[in-house]
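Q: Following this message is one structure expressed as structure tokens.
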Amino acid sequence: MMETENSRLARDRLAKLTDKPIVMTTVQHLAQTEVVKSLENNLGVCKETADCITVALHPDRPETHENTFVHELLHKMLKHEGFPEIRIDEVYADTNIPAPLWPSLGNLRSRFGSVLQHPEVYRRMRQDYNLDMEHYFESLLKQKVSRFSKKRGGNGQELIFCNQQDILDGLEYFYYDPDQRKQVQSCFRDSSESAYNSCLQLHAEIEKTGTHTAHSCLRSGKVIRAHIIKFGEKRNLNVLNNMWKALDIKLGERN
Ligand SMILES: [Zn+2]
561 MMETENSRLA RDRLAKLTDK PIVMTTVQHL AQTEVVKSLE NNLGVCKETA
611 DCITVALHPD RPETHENTFV HELLHKMLKH EGFPEIRIDE VYADTNIPAP
661 LWPSLGNLRS RFGSVLQHPE VYRRMRQDYN LDMEHYFESL LKQKVSRFSK
711 KRGGNGQELI FCNQQDILDG LEYFYYDPDQ RKQVQSCFRD SSESAYNSCL
761 QLHAEIEKTG THTAHSCLRS GKVIRAHIIK FGEKRNLNVL NNMWKALDIK
811 LGERN
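Structure follows, in structure tokens:
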């Protein structure tokens, strides 16, 4: 990736919070080493270990690299500022979730954590950097449209679980540029009107609780979790609803 004024600014700001070095790789490489195939379609992924922060970018989307790099580093800055983290309640998971579902639980946990940070991540991308975000949002739009065009198979239970994940994911579409927001939300509405409406209602709720500070994010995270569980309960979702119940939202270490 080419260093730019924006990428340097992001590096400098993160360096004030942690002295771990940043290591660059590709999403494909990270997907292999993490054995999470789905990662390879992401524009970027960030992983923090005890001694470094690894940022993975998609090699075929160079036009998104600058935005994605800043985006991933912002996630890390929020973490080090003490924004909430999603943990897995191991005791609950052990007794209430069958072992084959545990890998999906890990995915759900990291997606929930990202979604919770996105309002503040997008706000800072727009306000604190001088980024040209058009190609970035176009790429995100393509990715999200393909998400809705995939066949939604499975039994009724799996479909409800899928709807719940769409509600969670849908919360971030509100922060896209107006054109892309309109297009992705119309795909969402076409795929499930009830999930779409539920997402609209949830978004209105978290607008009230707020998402731009660690404490407001914590409150909003709890609202999101409760809303999604209720969506499942109303539709008699059984064991898959436990996936959400196994997620715990806690403030990060700085608080
Ligand atoms: Zn993100």
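The sequence shown begins at 561 in the working numbering and counts up by one.
We put the beta carbon where it would ideally sit given N, CA and C, even for glycine.
As the structure is a computational prediction, the values presented were derived from the model and not from experiment.
In terms of alpha-carbon separation, which member of Phe-629, Lys-607, Leu-661, Thr-586 lies closest to Asp-620?
A: Numbered from its first residue, the sequence shown carries residue 620 at position 60. Residue Thr-586 is the option with its Cα nearest to Asp-620.
Q: When burial is assigned at 16 or more other CB atoms within 10 Å of the CB, is Gln-724 buried or exposed?
A: Here the question's residue 724 lines up with position 164 in the sequence shown. Flag for Gln-724 reads buried.
Q: Given that a residue counts as buried once 16 or more other Cβ atoms are within 10 Å of its Cβ, and exposed if not, what is His-625?
A: As a first step, residue 625 is located in the sequence shown; it is residue number 65 there, counting from the start. Per the 10 Å Cβ criterion, buried.
Q: Mind checking whether the beta-carbon of Ser-598 lies closer than 8 angstroms to any heavy atom of ligand 1?
A: Locating residue 598 in the sequence shown gives position 38, counting from the first residue. Checking every heavy atom of ligand 1 against the Cβ of Ser-598, none is found closer than 8 angstroms.
Q: DSSP three-state label for Ala-653, please.
A: Residue numbering aside, residue 653 sits at position 93 when the sequence shown is read from its first letter. Reduced to three states, the DSSP call for Ala-653 is helix.
Q: Indicate whether the contact test is met: 3 or more Cβ pairs, each with one atom in the stretch 674-683 and one in the stretch 720-736, closer than 8 angstroms.
A: Yes, the stretch 674-683 touches the stretch 720-736.
Q: Could you tell me which of Ala-774, Leu-797, Lys-768 sits nearest to Asn-715, measuring between CA atoms?
A: Residue 715 sits at position 155 when you count from the first residue of the sequence shown. The shortest C-alpha separation from Asn-715 is found at Leu-797.
Q: Since Lys-819 is in the alpha helix (DSSP H), which residue starts that stretch and which ends it?
A: Since the first residue shown for the chain is 561 and the last is 815, residue 819 is missing from the structure and cannot be characterised.
Q: Contact between the stretch 700-709 and the stretch 637-654 is defined here as three or more beta-carbon pairs at a separation below 8 angstroms; is this criterion met?
A: Counting Cβ pairs under 8 angstroms, fewer than three are found: no touch.
Q: In angstroms with no decimal places, state the Cα-to-Cα distance between His-618 and Lys-636.
A: For the purposes of this step, residue 618 is taken as the residue at position 58 of the sequence shown. For the purposes of this step, residue 636 is taken as the residue at position 76 of the sequence shown. If you take the alpha carbons of His-618 and Lys-636, they lie about 19 angstroms apart.
Q: When you compare the CB positions of Gln-677 and Leu-634, do they come within less than 9 angstroms of one another, or not?
A: The residue given as residue 677 occupies position 117 in the sequence shown. The residue given as residue 634 occupies position 74 in the sequence shown. Yes, these two residues count as a Cβ contact at 9 angstroms.
Q: So, Phe-721 versus Leu-800, is the Cβ gap smaller than 9 angstroms?
A: In the sequence shown, the residue the question calls residue 721 occupies position 161. In the sequence shown, the residue the question calls residue 800 occupies position 240. It is a contact, given that the beta carbons lie within the stated cut-off.
Q: Note down, in chain order, each residue of its chain lying with its Cβ closer than 8 angstroms to the Cβ of Arg-779, except the 5 sequence neighbours on either side.
A: Position 219 of the sequence shown, counting from 1, holds the residue named residue 779. Counting only Cβ-Cβ distances below 8 angstroms, and skipping sequence neighbours, we find Thr-769, Gly-770.
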